[in-house]
Amino acid sequence: MIFHGNPGTGKTTVARAVASILRALGQLRRGHLVEVDRGGLVAAYQGQTAIKVADVVERALGGVLFVDEAYALVKDPKDSFGREALDALIKQIEDRRDDLVVVLAGYSAEMAELLDANPGVRSRFPTVIHFEDYDAEELMAIAEGLLAQRDLVLAPAARTTLAELLAALSEEPGLEHGNGRAVRNTLELAARRQAVRIAGGGITDVAVLQMLEACDFE
12 MIFHGNPGTG KTTVARAVAS ILRALGQLRR GHLVEVDRGG LVAAYQGQTA
62 IKVADVVERA LGGVLFVDEA YALVKDPKDS FGREALDALI KQIEDRRDDL
112 VVVLAGYSAE MAELLDANPG VRSRFPTVIH FEDYDAEELM AIAEGLLAQR
162 DLVLAPAART TLAELLAALS EEPGLEHGNG RAVRNTLELA ARRQAVRIAG
212 GGITDVAVLQ MLEACDFE
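Numbered by my numbering, the letters in the sequence shown go through residues 12 to 229 in order.
Given below as structure tokens:
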């Protein structure tokens, strides 16, 4: 499968869900996810890359191998190591097709270049899924889920402030959009500001300790 889209659109999360679903359906033995990038596949010396790829595939057998920023393997025409890694990976896919699912992921434009430049990749990865950017409402839903995980709540004014921030974020173009990753970073920063704001105040009220105020987002 090919997953393409901007950062933070949930490609890794969906790959993990796919692994679990396929295991539940009996299509995969283990249903785990092994995530690598170029550095996890390319060795430092000529002739060792195929061995490194084989080791990674061995760890992924029975599950899903997720190759993030897969286009980096062939982005530089002079990168013989990256091309060797891609060739070795394609061979492993052919040999282990009954016990392995491979997902190549990355930014849309770069993944399109990868497919255009490598017909063998296109033929072996017929399933191509585009991950759209989240809109403001979806970003708020992500924020609410993250807040619940951390037992944090928003004061009314903080909710308004965060909604405005996320609305602005959703209008950012292309890679600047940030998506779910930007939401997480925004909340982590707000939580740190809240911790500094209430530090040393002797506050023991749980409701106050869990509450993020508008000033924590400014």
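Each residue gets a CB set at the ideal place from its N, CA and C atoms; glycine is no exception. Note that the structure is a prediction, hence the values are computed from the model and not measured.
Name the residue from HIS141, ARG70 and LEU220 whose alpha carbon lies nearest to the alpha carbon of ALA120. HIS141
CA nearest to the CA of PHE228, picked from LEU198, VAL219 and GLY213: LEU198
Outcome for GLY74 when other beta-carbon atoms lying within 10 angstroms are tallied against a minimum of 16: buried
Between THR215, GLY37 and ILE101, which has its C-alpha nearest ALA65's C-alpha? ILE101
For the beta strand (DSSP E) holding ILE13, just list the boundary residues, first then last. 13 to 16
Candidates LEU36, PHE92, GLU46 and ARG208: which alpha carbon is nearest TYR56's? Nearest C-alpha to TYR56: PHE92.
Other residues of its chain near ILE214: CB distance less than 7 Å, five sequence neighbours each side excluded: LEU220
What's the C-alpha gap between ASP79 and GLY117? 6 Å
Could you say if the region 135 to 152 and the region 35 to 46 meet the contact criterion of at least three C-beta pairs nearer than 8 Å? Output reads no: the region 35 to 46 does not touch the region 135 to 152.
Go through its chain and collect everything with a Cβ distance to MET222's Cβ below 7 Å, but skip five positions before and after it. VAL164 and ALA166
Secondary structure of GLY73, DSSP reduced to three states: coil
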